[in-house]
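As structure tokens, the structure follows; a few thoughts come after it.
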Amino acid sequence: MTKHLDHRGRPIIAITGFGVVSSLGEGWQDNWRKLTSGVSGIHRITRFPTEHLRTTMAGTVDFLAGANGSSYERTFGFAKSAASEALVMAGTPEGSFGGALVVAAPPVEIEWAERFELDKLGRASDSDSAGYRAMVSAAHGNAPLAAKRAARFGEVAANLQAEFGSRGLPITLSTACASGATAIQTAAEMLHRGETDRALAIGTDGSVTAEALIRFSLLSALSTQNDDPKTASKPFSKDRDGFVMAEGAGAFVLETLEAAKARGAKVLGILAGCGECADDFHRTRSKPDGSPAIAAVRRALDDAGITPGEVDYINAHGTSTPENDKMEYMSLTSVFGERLGGTPISSNKSMIGHTLTAAGAIEAVFSLLAIRESTLPPTVNHQNPDPAIDLDVVPNEKRDATVSRVLSNSFGFGGQNACLVIAAEPE
Amino acid sequence: MVSSLGVGTDAHMPAALGKAEPVIDAETFAPFLVHPLSEVEWATQISKRDQRQMEQWQRTGTFAAGLALEDAGISTDDPLRSAIDMTVAAAGGERDVEVDEHILQTMADGANDAQTLVNEKLSTDLRPTLFLAQLSNLLAGNISIVHKVTGSSRTFMGEEGAGLSAIQNSVARIKTGQSDIALVGASYNGQHWDTILTNEALAKVARGTFKPVFDRTDGGDESGLVPGSGGAFLVLEEMEHAKARDAKIYAIITDAVSDQGLDERFDKRMTALADYANLEGAACIISTASGAPARTAAEKAFLDTLNKPYRETTSTIGFMREVQSIMASALTALAMDAGQTPFGMEVDHDGPTAVLCVGHLSAEGVILIEGAPR
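From first to last, the protein sequence lines are chains L and X. Sequential numbering from 1 applies to the first sequence in the working numbering. Sequential numbering from 1001 applies to the second sequence in the working numbering.
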């Protein structure tokens, strides 16, 4: 029994399934092959017109069915794909998962296509002038399904629950760009508490729309290096100028190691630790001393019962914004000290862009793959290193390495900081 | 607590004891009814500078969170604030109605490319920082900034279910030692055209003459939701932790349970929840019925099978979606602290009060609350 408990006496958490969708492809094999070959999924946007937009590229997922539909269809569809892959891998009963569901999903709003449609309907029946009164008069009883789906924050989780047969009220959460990591952490805590033997944790985001791009542009958060989309995301480079929005989903099936062994499931890795800390400095900027990010990293390492020296690879948040990359470097320097120079750290966002709500989950999947495949994915577009950031970013080319423990960082707007430690199965 | 009834615990005591009359605004959004936010002296909790970064939903929640921390005796400079685990149930923020209507009108006037029009107008007309006032997790973000709550910060989404999960998850974390002290809450702005639109699209908003929620189930004009504005935050704390710092204890949450599933299995789920939460042992029920016709009728049918006194919060204070179960728990705790039964119900045996939450679209749950030991 005790061999299935961690250093804090809690059940050890096994990862028994994982799945991923990104602009690189559907499924882990396609993603991993491209990610380790330095392929970029960033491209010019074709899904909607980009006139008047300052940024005209993104890592949209255009190849799945429904990808040209609404944000709901994408967000649900990507989650379904990643979760299906993870569940098949885990070998849990199809359609009756029977454990908890925790989903990180983007906030929802009725989209412009439906607003125009409602407005038109409202004007036709009530001959009102255009606007909210017209939309409201059309909404009751006549709201298009797409509007209803877009208006409900619990819609994605409820439909995933129905699809996979999870148990109980699912949790949908948002901690901005840390959401995917927080979903995994929230599921892990449920397993530690003994509320459930297994949990499905998903981060998903299909919310690249013109309005979303404009909102981030107005905050000056996005790269405007539109001429060459594939090289626009360049974390830790001197000429980085913002992140590139992107879509995708990542999923984990988590179980207590005991439950996984008891049912003869293949253990693919261990979720060894989680740490978080909120920042009270500013809505979009981090505290100048980096203390909240430092605390999140330290808490994750403590939670896993390891020292910085035992981390073999860091999967960076690495957004490619001037501020984030500098802050992440500073925070890691503070925790790792001189050892940091010897710890490779790379950013998947150099290839897949910033998948926002999904990022923490997708990057957790890639962190696990680094362990399983003994390969570090590179940071591409690293031609012009920032001299103020002295890191081994695994520049441009993948690297073979034996990896037992990975630290995966997620930092978001609103002072959200969450870190995960993922490890190989103990001998 | 903040609502149409006022600001703070004193202003809500009449509601907690069942003696408050609803405040209704039938004009501003006519023919729809809303419970308007009362006068709030924002500056008592939020600096002018920070107020400018928020719209009404975030401002209301940040204000209510400040009241809760103050009421719990945790002053602004108390280092305990950096150990508090915060869970906020949130939706998204207010859209700019003027910008939206300008775009819709330009299209109605014969513009021919809707998508390009949206790109152009939004790029030039949106206030750059409005996005931050709209982001779901920025209510929690503002609470961290304004009130220095930094232990951890999580935002749950998903209508009434989010509020329910926020309480349930925080209670579970405290019970198992994952957390010592939590700040749990939500806020809602019922006075916004986008809120009316969402509620009309998903359910139905009541028009005309105001009726109590259980009389709003026939699907007619006067049936449906009457949105309210307000917020409620609770400080939840492990008992010994609370005692050690001499905190005032309003009440005890003994358990919180929830479920969700298909409509046709509603009765089955309710029976199971009743069993699981031992509703049999409860002295009375506080219902958070929304007024959405079908789900409210189904809830009433269930309540009538229990043979227990029950009263509903929403008739007095309005439908506040994510806030529902949190506000009802706060009102219940308030009555218990005054040594009364919630809503002045006459009970025939001792036992906890069960806060019953049946969401207007989905999610069901029970929060069991007992008086503090005297």
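Beta carbons are placed, not taken as given, at the ideal position from N, Cα and C, and that holds for glycine. Source: prediction; values computed, not measured.
Cβ of residue i within 7 Å of any chain X Cβ
{"i": "L/T204", "result": "no"}
{"i": "L/S125", "result": "no"}
{"i": "L/R10", "result": "no"}
{"i": "L/E73", "result": "no"}
{"i": "L/H7", "result": "no"}
{"i": "L/E425", "result": "no"}
{"i": "L/S174", "result": "yes"}
{"i": "L/A107", "result": "A small fix is needed here, since residue 107 of chain L is Pro in this sequence, not Ala. Yes, L/P107 lies at the interface with chain X (some Cβ there is under 7 Å from its Cβ)."}
{"i": "L/H4", "result": "no"}
{"i": "L/D289", "result": "no"}
{"i": "L/H140", "result": "yes"}
{"i": "L/E51", "result": "yes"}
{"i": "L/F252", "result": "no"}
{"i": "L/M1", "result": "With a pLDDT of only 48 at L/M1, under the threshold of 50, the placement of this residue in the model should not be trusted, and no figure is reported."}
{"i": "L/E276", "result": "yes"}
Where residue i falls: helix, strand or coil (DSSP)
{"i": "X/V1235", "result": "strand"}
{"i": "X/I1084", "result": "coil"}
{"i": "L/M1", "result": "Reliability fails at L/M1, whose pLDDT of 48 lies under 50, so the model's placement of it is uncertain and no value is given."}
{"i": "L/S207", "result": "coil"}
{"i": "X/T1332", "result": "helix"}
{"i": "L/T187", "result": "Looking at the sequence provided, one finds Ala at residue 187 of chain L rather than Thr. L/A187 falls in the helix class under three-state DSSP."}
{"i": "X/G1371", "result": "strand"}
{"i": "X/V1358", "result": "strand"}
{"i": "L/P395", "result": "strand"}
{"i": "X/A1015", "result": "helix"}
{"i": "L/V102", "result": "strand"}
{"i": "L/T172", "result": "strand"}
{"i": "X/E1364", "result": "strand"}
{"i": "L/I13", "result": "strand"}
{"i": "L/T379", "result": "strand"}
{"i": "X/D1348", "result": "coil"}
{"i": "L/D400", "result": "strand"}
Limits of the unbroken beta strand (DSSP E) element including residue i
{"i": "L/F252", "result": "248-256"}
{"i": "X/D1255", "result": "1251-1259"}
{"i": "L/A272", "result": "269-276"}
{"i": "X/E1312", "result": "1310-1312"}
Bridge partners - residue i, DSSP secondary structure assignment
{"i": "L/R44", "result": "L/M57"}
{"i": "L/D228", "result": "DSSP output for L/D228 lists no bridge partner at all."}
{"i": "L/S346", "result": "L/N315"}
{"i": "L/Q466", "result": "Only positions 1 to 427 of chain L appear in this structure, which leaves residue 466 of chain L out of reach."}
{"i": "X/I1181", "result": "X/E1237"}
{"i": "L/E26", "result": "L/V21"}
{"i": "X/A1089", "result": "X/F1156, X/A1186"}
{"i": "X/G1228", "result": "X/H1035"}
{"i": "L/A199", "result": "L/A100, L/L254"}
{"i": "X/V1319", "result": "Note that residue 1319 of chain X is Phe in the sequence shown here, rather than Val. Bridge partners of X/F1319: X/P1227."}
Extent of the continuous alpha helix (DSSP H) to which residue i belongs
{"i": "L/M351", "result": "349-352"}
{"i": "L/L301", "result": "291-304"}
{"i": "X/A1289", "result": "Counting along the chain, X/A1289 falls outside any alpha helix (DSSP H), and DSSP gives it neither H nor E."}
{"i": "L/F366", "result": "359-373"}
{"i": "L/L73", "result": "It is worth fixing the name first, because residue 73 of chain L is Glu in this sequence and not Leu. Here the alpha helix (DSSP H) through L/E73 covers 71-90."}
{"i": "L/W428", "result": "Outside the shown range of chain L, which is 1 to 427, sits residue 428 of chain L, and nothing can be said about it."}
{"i": "L/K234", "result": "Premise fails: L/K234 is in no alpha helix (DSSP H) and is neither H nor E."}
Test: residue i CB closer than 7 Å to a CB of chain L
{"i": "X/G1190", "result": "no"}
{"i": "X/G1161", "result": "yes"}
{"i": "X/L1138", "result": "yes"}
{"i": "X/D1078", "result": "no"}
{"i": "X/K1248", "result": "no"}
{"i": "X/V1366", "result": "no"}
Below-7 Å beta-carbon distance, residue i vs any chain A residue
{"i": "L/K148", "result": "Chain labels in this structure do not include chain A; the protein chains are L and X."}
Problem - Three-pair Cβ contact test at 8 Å for the segment 1274-1287 of chain X versus the segment 1346-1360 of chain X - result: yes
Exercise for the section: Indicate whether the contact test is met: 3 or more Cβ pairs, each with one atom in the segment 1014-1025 of chain X and one in the segment 283-303 of chain L, closer than 8 Å. Expected result: no
Problem - Meets three-Cβ-pair contact criterion under 8 Å: the segment 231-240 of chain L and the segment 190-200 of chain L - result: no
Problem - Validate contact between the segment 260-276 of chain L and the segment 179-188 of chain L using beta carbons, cut 8 Å, 3 pairs - result: yes
Practice task
For the segment 121-129 of chain L and the segment 47-62 of chain L, state whether three or more C-beta atom pairs, one from each stretch, are separated by less than 8 Å.
Solution key: Counting C-beta pairs with one atom in each stretch, the segment 121-129 of chain L and the segment 47-62 of chain L have fewer than three that are closer than 8 Å, which means they do not touch.
Exercise for the section: Tell me, please, whether the segment 1208-1221 of chain X touches the segment 1250-1267 of chain X by the rule of three or more beta-carbon pairs shorter than 8 Å. Expected result: Put simply, the segment 1208-1221 of chain X does not touch the segment 1250-1267 of chain X. Fewer than three CB pairs are less than 8 Å apart.
Practice task
For the segment 198-208 of chain L and the segment 100-107 of chain L, state whether three or more C-beta atom pairs, one from each stretch, are separated by less than 8 Å.
Solution key: yes
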